[in-house]
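Only one structure is covered here, and it is reproduced in the block below.
There are 2 protein chains.
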Amino acid sequence: MSGKRSLIRSGTTVDQMVRAIGDRIVTGFLRPGEKLDETSLAARFDVSRTPVREALGQLSAMGLVERRPNRGAIVAVVTQEHLASMFESMAELEAICARFSAERMTSSERRALEVEHQASARMVRLGAEEDYEYFNTEFHSRLYRGAHNAHIYEMTVMTRSRLAPFRRAQFMLPGRLAKSWQEHDAIVTAIMRGDGVTAGNSAKDHVSIVSKASSVFALGEQPKGTSTTMPVTAG
Amino acid sequence: MSGKRSLIRSGTTVDQMVRAIGDRIVTGFLRPGEKLDETSLAARFDVSRTPVREALGQLSAMGLVERRPNRGAIVAVVTQEHLASMFESMAELEAICARFSAERMTSSERRALEVEHQASARMVRLGAEEDYEYFNTEFHSRLYRGAHNAHIYEMTVMTRSRLAPFRRAQFMLPGRLAKSWQEHDAIVTAIMRGDGVTAGNSAKDHVSIVSKASSVFALGEQPKGTSTTMPVTAG
DNA sequence: GGCACGGCGATTGCATGCAATTTCTCGAAG
DNA sequence: CTTCGAGAAATTGCATGCAATCGCCGTGCC
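Chains as they are written, first to last, in this note's numbering: chain A, 179 to 413; chain B, 179 to 413.
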């Protein structure tokens, strides 16, 4: 092979591979069950097989790919049951984040949350789904950070990304935008009051609703997205 | 190099390395901050550097080791703050497991839990700490499995193993054995009644107490355990 | 005496090579 | 027509080799 790194940002080659492949899985460009051929991937990214192998190993440790000894790697295929367990976990994790956020957010964090949340109302009125999705992602991220707990943050972000391929289409449901905003509103209100229990419950309900909406799509069709890194998910 | 695999059970060489190194970290044989030299490890286990590198990569993805590009790997050193966040997460996770267990355990699971719990009372009376620890580990594992949620199970087990090095000495505290049993008893009782909320709260309290007890030891001394895989932790 | 700089040894990062296992193909027998 | 099996091709797993980077240490300069 020849030339130099052609893609993605810096870090070691292995890190680039992890991001590149992980991205393609999370965004749905690589679909569950799809074979991940070391040689092809190496050629595709113009590196040797070694960093590809290491990347696959790490992605396997993260649960994004499945590795059968001597039989190659495939994009992790999640059973309907395991998918449900992840959605349920997500609801619980978000509930914790919301509860902690209500108890621990600094006043500037609260202010920022409130401001952004109100700003997103505009997107709802306009029916701007794409833009709302951005706000939505940001909203949830604020909750995760606001919990002020690094480990829960890690678990939540990880779970969220593993669920990403299955959440894509959920805005298809009519009226989902407005409902989503109302659910967010309940969370925000509770956080502002410092009411952790209510915030947690609201968050759990919110995610549960999203889960149900998503699982409708998760069954049959698997979206084949673009390869660009886009802010995934929505809820 | 020559010969064949000398150690540990089957699987690929990389898996063996992951287990071998991970074990030594989890049991405290390798201490936080300790340098993980690829060449030395390769020599120590009589393999080439490649599988060692892959293993370090996976362990890094799991959070057990830290990897500075071009500067080698060290056993992950957790700040006091991050440690606290993991203990707190553990309390929340166990609470979830206990709550779900109360709601979902099959009757045979409930029976087994009860039986084992009662059996462990004997260890308390005898003051058999070693044996109690076995029951204790088993008890918590039953809770994790009883939640019937694969993803939460993964997160809980993972978090538990990352905390393992910091929980070792907790039985030093006088009367801890009896108190631990009583706390377990509260959880079991609630689970038997199907009272998820109480079970969750009891579990959370239980873990919180263990956390406090452990954090006393976590600060200064870092135990240098034996290299054998032993049932870690206790609570 | 302290600090900057440059060469040297040690270590990591990646590429390549080879052996082992698996899968594919094709043919023959039932 | 299906099933089984032997051989070949492809693919994985690991070892080794080489270049690049980092840290160390000694030297010279301020």
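Glycine included, each C-beta is placed from N, C-alpha and C at the ideal position.
Under 8 Å by Cβ, that's how I've got residue i and residue j pegged, so tell me the actual separation to the nearest angstrom.
i: A/L355; j: A/V302; result: 5 Å
i: B/V255; j: B/E272; result: With a Cβ gap of about 25 Å, B/V255 and B/E272 do not count as contacting.
i: B/S386; j: B/R345; result: Incorrect: roughly 13 Å between the Cβ atoms, too far for contact.
i: A/I369; j: A/L291; result: 7 Å
i: A/V196; j: A/L237; result: 6 Å
i: B/G374; j: B/A306; result: Contact flag wrong, Cβ pair sits at about 32 Å.
i: B/Y310; j: B/Y322; result: The Cβ separation is near 19 Å, so there is no contact.
i: A/F313; j: A/A297; result: 7 Å
i: A/H329; j: B/T337; result: 7 Å
i: B/M333; j: A/A239; result: Between A/A239 and B/M333 the Cβ distance is about 14 Å, and since that is not below 8 Å, they are no contact.
i: B/R227; j: B/T217; result: 6 Å
i: A/V253; j: A/L219; result: Contact doesn't hold; Cβ gap of about 12 Å is too wide.
i: B/G235; j: A/G235; result: 6 Å
i: A/E266; j: B/N327; result: 6 Å
i: A/L351; j: A/M268; result: Not quite, the Cβ-Cβ distance comes to about 18 Å (not below 8 Å), so this is no contact.
I'd like to confirm the pairing. Which residues does DSSP put opposite residue i in its beta bridges?
i: B/V253; result: B/V243
i: B/K213; result: B/I252
At 9 Å on the CB atoms, spell out the chain B contacts of residue i, in chain order.
i: A/M333; result: S267, L271, M333, M336, T337
Need the endpoints of the alpha helix (DSSP H) that residue i sits in, please.
i: A/F344; result: Element bounds for A/F344: n/a, residue is neither H nor E.
i: B/H318; result: 307-324
i: B/D201; result: 191-204
i: A/D373; result: That residue, A/D373, is in no alpha helix (DSSP H); it is neither H nor E in DSSP.
i: B/V293; result: 285-304
i: B/F278; result: 258-282
For residue i, go through chain A and note every residue whose CB falls closer than 8 Å to its CB, in chain order.
i: B/N327; result: S263, E266, S267
i: B/M240; result: A239
In chain B, what lies closer than 8 Å to residue i by C-beta?
i: A/I330; result: S263, E266, S267, E270
i: A/M195; result: Simply none; closest approach about 11 Å.
i: A/E244; result: The premise fails here: A/E244 is roughly 14 Å from chain B at the closest Cβ pair, so nothing lies under 8 Å.
i: A/E232; result: R231, E232, G235
Quick one: list the residues of chain B neighbouring residue i, beta-carbon separation under 7 Å, in chain order.
i: A/V192; result: G235
Could you work out which residues of chain A lie near residue i, taking near to mean beta carbons separated by less than 7 Å?
i: B/I274; result: E270
*Of the residues that make up the stretch 246-271 of chain A, which ones have a beta carbon closer than 7 Å to any beta carbon in chain B?*
P247, H260, S263, M264, E266, S267, E270
*asked:* By the 9 Å beta-carbon criterion, what residues does the stretch 210-222 of chain A contribute toward chain B?
replied: The stretch 210-222 of chain A vs chain B, Cβ under 9 Å: nothing.
*For the stretch 272-300 of chain B, which residues have a beta carbon sitting closer than 7 Å to at least one beta carbon of chain A?*
I274
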